Amino acid sequence: MKPIVMAGGTGSRLWPKSRAAFPKQFLTLTSEHSMLQDTLSRLTGIEHEAPVFVCNDAHRFIVAEQLLQAGIQHDGILLEPVGRNTAPAIALAALHATQNGEDPVLLVLAADHLIENIAAFHAAIRHAESLAKQDKLVTFGIVPTCAHTGYGYIRQGNAIENSQGYSVAEFVEKPDLATAEQYLASGAYLWNSGMFMFKASRYLQELEKHAPDILTICRQAIASESQDLDFVRVDSDIFAGCPSDSIDYAVMEKTQDAAVIPLDAGWSDVGSWSSLWEVQKKDANGNVVRGDAILENVHNSYINAEQRLIALVGIDDVVVVETKDAILVAHKDKVQDIKKVVDTLKAQQRPEFEFHREVFRPWGSYDSLDQGSRFQVKRICVKPGEKLSVQMHHHRAEHWIVVAGTAQVTCDDETFLLTENESTYIPIGAVHSLENPGKIPLELIEVQSGSYVGEDDIVRFSDRYGRTKQS
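Okay, structure coming up:
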């Protein structure tokens, strides 16, 4: 069995924590680890091959870093040049997994789900694997706990002999409340989890039968795949021509071999702040609190404080989420409308749509502490052994003050070391680089000054991470 972890998506309904450049699958929302890391850790105890990850190009270094932190070995991080939904993404993974003539059973998982009952999850995997080996295309249907209108549903058909599974009678769209209540009362419907298991060859066969244009383009795109550090790149021009379709529409709703395993394991897709409130431990007043908060006569609310104290008085059923650069206040019943806020941020080209104040790079991170019309102050952290690109700026000079660790600085033809409490000046137009040669993180304060301090004022001469545009 080979896990295929889908790590795309933006999680816009979990703004301001989730941003386009750092979406929810990389956040620590339900444990001390990221949701991506938890997706793999909950497979401990199940025998499986090294997993394959599928993500978009912009998130590649975040995925690689989080896997490294968790000590997770993998069989490739496949990069989607553009998003084309789940059917093509899984096709790329299936083609990648069968390149050496192997035909593994694929366990397709989303990187941003919560599952509380691991034993029940493992049991469902074993039941699904048995059906997959019989050439079934298996999905996991969640035993519903309420008349939820935010999920698609699966209607169970006949029980499959000598198994815990059922044939799939019907996939249905997200219902209105009255229909969802009928589904719940009937006992014949399950929530569509978006998790699957099947042989790689069976998925490709069904894709060729029902969506051959997707398979043809994916085959062409992966035929010229190339290795780039930890990443597997496919032909971007070819893949851009692939139709966008979900696995449900392209395959699962059309195949005659769909099966479903009921799963009752405390599952949630963590699709909103209210769903996060539903699944987390609450205090005596029904509140979920993460971070520093003082509550007075507050009930049934979700509070997430990242940096500052949040004080609430005499208010119920609200969501309050604070980050370094934004605060969200919403009624718990209206959190689906947060997407409208994100759409507005995007339309106005505001940075809060895409980035947090702290931005992660393959070499470390930077936090923009202050900014004016002709200056910017950053806190920069460089991981041991890592190096920023060799670059220059047309419009700004930079002052670097080391506060921890050791910096190796190159400025034009001079290379030297800086240690704690030492500083240097990088003039406008100087070709320069910054490297951490030590064993501990390098932390420094950077003061930029000049007529323009935007991130696109970079002329890059060389970069060990193969980047061309990002800093």
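Numbering (the numbering used here), first residue to last: 5 to 475.
Glycine included, every Cβ here is placed at the ideal spot set by N, Cα and C.
Only a predicted model underlies this, so the values are computations on that prediction, with no experimental measurement involved.
Sequence-distant residues of its chain with Cβ nearer than 8 Å to residue i (five each side left out)
{"i": "V406", "result": "L422, T423, E424, N425, E426, S427, L446, E447 and L448"}
{"i": "H327", "result": "Note that residue 327 corresponds to Thr in the displayed sequence, not to His. Same-chain partners within the cutoff: P20, K21, E310, Q311, H360 and R361."}
{"i": "Y370", "result": "E362, V363, K382, R383, I384, C385 and E450"}
Of the listed residues the options, nearest to residue i (C-alpha basis)
{"i": "E439", "options": "G389, G454, L373 and K336", "result": "G389"}
{"i": "C385", "options": "P441, H37 and N104", "result": "P441"}
{"i": "R17", "options": "D461, G154 and D321", "result": "G154"}
{"i": "V1", "options": "L316, Q352, V381 and T34", "result": "Lying outside 5 to 475, the shown extent of the chain, residue 1 is not represented and no answer is given."}
{"i": "A173", "options": "G156, L31, V109 and A192", "result": "A192"}
{"i": "R130", "options": "W271, V264, D296 and I221", "result": "V264"}
{"i": "E53", "options": "P179, M5, V86 and E185", "result": "M5"}
{"i": "V381", "options": "R365, M396, F364 and R400", "result": "R400"}
{"i": "A93", "options": "Y306, Y469, L219 and Q231", "result": "L219"}
{"i": "L397", "options": "S377, I432 and Q412", "result": "For clarity, residue 397 is His in the given sequence; the question names Leu instead. Here the closest residue by C-alpha is I432."}
{"i": "D374", "options": "A132, S272, Q452 and N89", "result": "Q452"}
{"i": "A244", "options": "K343, E106 and R88", "result": "R88"}
{"i": "L118", "options": "E257, D42, V58 and E418", "result": "D42"}
{"i": "D180", "options": "A204, A151 and I221", "result": "A151"}
{"i": "T90", "options": "Y253, V274, I76 and F465", "result": "Y253"}
{"i": "M10", "options": "N60, V325, H335 and E36", "result": "N60"}
{"i": "V86", "options": "P247, G295 and W281", "result": "P247"}
{"i": "D347", "options": "E358, D337 and K338", "result": "E358"}
{"i": "N308", "options": "F420, I331 and E212", "result": "I331"}
{"i": "C222", "options": "E185, L208, A24 and V274", "result": "L208"}
{"i": "E306", "options": "V322, V345 and H436", "result": "The sequence shown places Tyr at residue 306, rather than the Glu named in the question. The residue with the shortest Cα to Cα distance from Y306 is V322."}
{"i": "R464", "options": "D107, Q231, E106 and A434", "result": "A434"}
{"i": "D241", "options": "N166, I251 and E229", "result": "E229"}
Identified DSSP bridge partners for residue i
{"i": "N60", "result": "E84"}
{"i": "Q150", "result": "One detail in the question is off: residue 150 reads as Cys in this sequence, not Gln. In the DSSP output, where bridge partners are listed per residue, C150 has none listed."}
{"i": "W19", "result": "According to DSSP, which records beta bridges pairwise, W19 is partnered with nothing at all."}
{"i": "E402", "result": "I430 and Q452"}
{"i": "W271", "result": "I119"}
{"i": "S134", "result": "Paired residues: none, contrary to the question."}
{"i": "N308", "result": "R294 and V325"}
{"i": "K6", "result": "L110"}
{"i": "L446", "result": "V386"}
{"i": "Q29", "result": "Note: Q29 sits in no beta bridge, so no partner."}
{"i": "G145", "result": "N196 and P266"}
{"i": "E300", "result": "V317"}
{"i": "R464", "result": "Q395"}
{"i": "Q160", "result": "V172"}
{"i": "A97", "result": "Paired residues: none, contrary to the question."}
{"i": "G408", "result": "According to the sequence as given, residue 408 is Ala; it is not Gly. Paired residue(s): E447."}
Proximal residues to residue i (C-beta, below 6 Å), its chain only, five neighbours per side dropped
{"i": "G15", "result": "S22, P27 and K28"}
{"i": "L267", "result": "A128, F144 and I146"}
{"i": "W367", "result": "V386, E390 and L392"}
{"i": "S475", "result": "Reliability fails at S475, whose pLDDT of 43 lies under 50, so the model's placement of it is uncertain and no value is given."}
{"i": "Q284", "result": "V292"}
{"i": "I8", "result": "V56, A97, L110 and V112"}
{"i": "D467", "result": "S393"}
{"i": "D210", "result": "Asp is not the amino acid found at residue 210; the sequence shown has Glu there. Only V255 and T259 meet the Cβ criterion."}
{"i": "K350", "result": "F357"}
{"i": "A25", "result": "E358 and F359"}
{"i": "D273", "result": "H117"}
{"i": "A269", "result": "I119, N121, A124 and F125"}
Spatial neighbours of residue i in its chain, beta-carbon cut-off 7 Å, leaving aside the 5 residues before and after
{"i": "D261", "result": "D139, K140 and L141"}
{"i": "K473", "result": "Unreliable placement is indicated for K473, whose pLDDT of 48 sits below 50; the coordinate value is still reported in the next sentence. For K473, where only same-chain residues beyond five positions count, there are no Cβ hits under 7 Å."}
{"i": "N2", "result": "Beyond the ends of the chain as shown, which are 5 and 475, falls residue 2; an answer cannot be given."}
{"i": "H100", "result": "V56, G80, L82, I226 and V236"}
{"i": "Q340", "result": "R17 and S276"}
{"i": "R64", "result": "I81, L83 and F235"}
{"i": "T149", "result": "none"}
Test: residue i CB closer than 8 Å to a CB of chain D
{"i": "G156", "result": "In the structure shown, chain D cannot be found, because there is only a single protein chain."}
Q: Starting from the N-terminal side, write out each stretch of the beta strand (DSSP E) that is 3 residues or longer and does not extend beyond the region 199-269.
A: Unbroken beta strand (DSSP E) runs of no fewer than 3 residues, entirely contained in the region 199-269, are found at 230-232, 235-237 and 262-267, following chain order.
Q: Determine, using beta-carbon pairs with one atom in the region 134-143 and one in the region 289-303, whether at least three such pairs fall under 8 Å.
A: Not touching, per the Cβ criterion.
(Q) Quick test of the definition: if touching needs 3 or more C-beta pairs under 8 Å, does the region 68-83 touch the region 194-211? (A) Remark: fewer than three beta-carbon pairs, one from each stretch, lie closer than 8 Å, so the region 68-83 and the region 194-211 are not flagged as touching.
Q) Could you give the uninterrupted runs of the beta strand (DSSP E) lying entirely in the region 411-444, keeping only those of 3 residues or more? A) Complete beta strand (DSSP E) runs here, min 3: 411-415, 418-422, 427-430 and 436-439.
**Q.** Secondary structure, alpha helix (DSSP H): runs of 4+ residues fully inside the region 312-396
**A.** 342-351, all fully within the region 312-396.
Q) Using 8 Å as the Cβ pair cut-off and three pairs as the minimum, do the region 75-89 and the region 233-241 touch? A) These segments touch.
Q: Check whether the region 44-58 touches the region 113-127, taking contact to mean three or more Cβ pairs, one atom from each stretch, closer than 8 Å.
A: Yes, the region 44-58 is in contact with the region 113-127.
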